[in-house]
Structure formats: C-alpha cells, structure tokens
Amino acid sequence: MSAIVVPQMKIKTNSRHRLLQFALCVFAAPTITAQSHCCDTAAQRMKQTVEILSAPAMEGRGPGTSGLDASAEFIRGEFRKAGLKSGAPDGTFFQSFVYAPGPSGKELRLRNVIGELEATTGSTQESIIIGAHYDHLGFGPAFSLAPEDQKHSLHPGADDNASGVAMILELAHYFADQGIHPHKRIIFIAFSGEEEGDLGSHYYVGHPIVPLADTITMINLDMVGRVRENILGIAGNKSGDSFDAMLDHAVLKSRLTLMRGGDQYPDDSDHAPFAAAGIPILYVCSGSHEDRHRPSDTADKINAQGMGDEAILLESLIDTLLQSPRPHFVARPQ
Ligand SMILES: [Zn+2]
477 MSAIVVPQMK IKTNSRHRLL QFALCVFAAP TITAQSHCCD TAAQRMKQTV EILSAPAMEG
537 RGPGTSGLDA SAEFIRGEFR KAGLKSGAPD GTFFQSFVYA PGPSGKELRL RNVIGELEAT
597 TGSTQESIII GAHYDHLGFG PAFSLAPEDQ KHSLHPGADD NASGVAMILE LAHYFADQGI
657 HPHKRIIFIA FSGEEEGDLG SHYYVGHPIV PLADTITMIN LDMVGRVREN ILGIAGNKSG
717 DSFDAMLDHA VLKSRLTLMR GGDQYPDDSD HAPFAAAGIP ILYVCSGSHE DRHRPSDTAD
777 KINAQGMGDE AILLESLIDT LLQSPRPHFV ARPQ
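Per our numbering, the very first residue in the sequence shown carries number 477; after that it's consecutive.
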C-alpha cells in the first residue's frame, strides 16, 4: 500500500486549531480495515478495554452522560485491581471539578481519575505522570466532524481516546506487577473534559497531588490505537534534555519506528498545561485519520498488535526514566 504523509497530527473544530508543521502522522491509504491478525495477551487486554469504553452503554463518554460516569467507575475499578492507591486525598480516586459550558448550559461536575504507584520507601519524591483523557464527544454535535446527518449519532471514540486509557491501564498493571516499588512515584491520570479544552489537565496543574516541582515528566497518550506501517509518533522529545537518548534506547528492541516531532507538538491536548508549567512532556500518538471525531471511530479498527508493540516500547522508556536523573526542561523556541 502506498503511504501518504499528512502534515497535521490533530485538527480540532473549535478555536484551538493548531496545525502541526511536521509530518508526524503517516497514513496508509485508503481507509483502514479491521485487523485480521491478533495478538499477544497485553494487546488483547487493551483491545477489550477499548471495546468496553467505546460500547454504546458508555454513550460516547460525553460530558453530562451517565456513560462518562460509568467509564470513570470502570477506570477506578481497574486502578484498584492493578493495586494502585488513590491519588485523591479523600481516597476516592476522583478529583472533581466544575465545568460551566456557558450561560445557557447547566454546570457539570467532571472527574479526573487518579491512581498512584508509590516509590520505594525513602527514595526520591520525584514523580512521573502518565495520562490519557477518557472523555469524548458523546452524541455530538459539538466538535463532531461528521456529515450533518450524523452529527447527533453516537461518537464511540475508540481511538480518541479509549485507546490511550487502555494503554495507561496496561502500564499500571505492568509496573504494579513488578513486585518492587519503583524508584520514583508513578501517577496515572485519566483526564476528563479534554474535548472541551483540556479542562481536566488544566485543573490538575492548578491542583496537583504532588508538587509540580517534583513532577519530572508527563507522558500523554492520545489516540494510540491506529499504528500503521509500524510507525509511532512522539513529540515533545526536545522538552527534556535526555529524552532523545532514552528514546534511542527504548526503540532498539522494538518493532516500531519512531517519528519524532521535537518541539512541534499541538497545544490542544493534555500535555499542554504541563509544558506551560515547565514540565518536560512527551506526546504519544499513532496518527490522525478520517474517522477522528466521527461515529466511525470504532473498536474494530484498532490495531491491537500495534498497541502491544507500543506498550513494550513505553515500558522500556518509563523504566529508563525511573532509573535516570531527572530530565531538564527545555523551553520551546518562541
Ligand atoms: Zn483525544
């Protein structure tokens, strides 16, 4: 199949449009079809999580739907199963905040879900955040890119971003199952309100559970379910002075090739508030596609084996981060 290179990673329909000036996303043409091959156990687990979160019962995880609440409960249950402790001081795993959609809309209470894997006793207070938003568009029509007659249909958001949530759950299990506590704290966050303007990540940066000064890296997983031709996009790799060397190492034994975006990361996903606070960030994305923000972003189009390959690469990267001196933040050139 011939590949076409598309110069935008992510295009929003609202005023936060930001074009990416580099070719992070490589698309195999034409439309992606369901994956026929499958896959190792981790890949199957992640695919199953995507299926659960994108099922009709979850109502597209739109703000104000009971499906969004059910998704939060599901994620909390998985954090508990993995053995994480609550990252919310009240023990609920939920960090709530109010979203006021405007003069006509009624106020909504949204919730980040935060789980924590503690560092070894007596070790450094340094923390790594691994995040992915779990909200999506519900039944539109806000931010839908569907044709007019489908804008009010269910938007399941399998790739955007049930895939990222599946990945953080997999990583939580992986690091918790090591049996030893890591040398740094790992904080797993499923953010809400991303589609409305990174509300959950902005709220977290304003109300962190550990001081931002101790937060050495934030990794954001947003749309990681459609790896094509074994290429994975990763940007922000210039925001930490040691990231490129760590990525060189992580990719050594991987089937994946990294397409690095350097400073060319978009400002409309959950890593952005962290970068603005001077925290080194990595933005991981397998690429945009024609189903994004449309009812056709369904679980059958997820490349489960690609997600399995990503998990292995990310585990290696995070392992290195846990054992290394903290990366120094490098500001993006103006
Ligand atoms: Zn997203």
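Heads up, the beta-carbon is just placed ideally off N, CA and C, and yes, glycines get one too.
How many Å lie between residue i and residue j at the Cα?
i: residue 789; j: residue 725; result: 9 Å
i: residue 540; j: residue 547; result: 12 Å
i: residue 761; j: residue 709; result: 5 Å
i: residue 707; j: residue 628; result: 33 Å
i: residue 806; j: residue 549; result: 37 Å
i: residue 681; j: residue 570; result: 15 Å
i: residue 564; j: residue 592; result: 9 Å
i: residue 500; j: residue 736; result: Below a pLDDT of 50, predicted positions are generally treated as unreliable, and residue 500, at 44, falls in that range; the measurement from the model is reported next regardless. One C-alpha to the other measures close to 7 Å.
i: residue 615; j: residue 721; result: 43 Å
i: residue 741; j: residue 758; result: 9 Å
i: residue 573; j: residue 584; result: 8 Å
i: residue 734; j: residue 582; result: 43 Å
i: residue 576; j: residue 675; result: 11 Å
i: residue 553; j: residue 560; result: 10 Å
i: residue 636; j: residue 612; result: 7 Å
i: residue 808; j: residue 689; result: 19 Å
i: residue 780; j: residue 717; result: 32 Å
i: residue 764; j: residue 566; result: 38 Å
i: residue 738; j: residue 588; result: 28 Å
i: residue 791; j: residue 610; result: 21 Å
i: residue 694; j: residue 772; result: 30 Å
i: residue 518; j: residue 714; result: 30 Å
Is any heavy atom in ligand 2 found nearer than 7 Å to the beta carbon of residue i?
i: residue 766; result: You won't find ligand 2 in this model; what it holds is ligand 1.
Classify residue i as helix, strand or coil using the three-state DSSP reduction.
i: residue 825; result: No statement about residue 825 is possible, as the shown extent of the chain runs from 477 to 810 and does not include it.
i: residue 685; result: coil
i: residue 782; result: helix
i: residue 760; result: strand
i: residue 542; result: helix
i: residue 559; result: coil
i: residue 497; result: A caution first: residue 497 carries a pLDDT of 32, below 50, which makes its placement in the model too unreliable to give a value.
i: residue 798; result: helix
i: residue 750; result: helix
i: residue 462; result: Nothing about residue 462 can be read from this structure; the chain reaches only from 477 to 810.
i: residue 503; result: Residue placement at residue 503 is poorly supported in this model, since its pLDDT is 34, which falls under 50; the coordinates still yield a value, given next. Three-state result, residue 503: strand.
i: residue 512; result: Confidence at residue 512 is low in this model, with a pLDDT of 40, below 50, so the placement of that residue should be treated as unreliable; the coordinate-derived value is given next. Residue 512: coil per DSSP, three-state reduction.
Ends of the beta strand (DSSP E) at residue i?
i: residue 607; result: 603 to 609
i: residue 534; result: No beta strand (DSSP E) contains residue 534, which DSSP labels as neither H nor E.
Along the chain, where does the alpha helix (DSSP H) that runs through residue i open and close?
i: residue 721; result: 719 to 727
i: residue 691; result: No alpha helix (DSSP H) holds residue 691; the beta strand (DSSP E) holding it covers 691 to 697.
i: residue 708; result: Per DSSP, residue 708 belongs to no alpha helix (DSSP H); it is in the beta strand (DSSP E), 707 to 711.
i: residue 529; result: 517 to 529
So residue i packs on residue j, CB below 8 Å; how close in whole Å?
i: residue 633; j: residue 530; result: 6 Å
i: residue 645; j: residue 536; result: Not quite, the Cβ-Cβ distance comes to about 19 Å (not below 8 Å), so this is no contact.
i: residue 785; j: residue 703; result: 7 Å
i: residue 596; j: residue 659; result: 6 Å
i: residue 603; j: residue 686; result: 5 Å
i: residue 794; j: residue 647; result: 7 Å
i: residue 639; j: residue 778; result: 6 Å
i: residue 783; j: residue 700; result: 7 Å
Legend entry - Those runs of the beta strand (DSSP E) which lie wholly inside the region 564 to 594 and span at least 3 residues: 570 to 575 and 584 to 593
Legend entry - Start-end ranges of the beta strand (DSSP E) lying completely within the region 636 to 687, minimum 3 residues: 661 to 667
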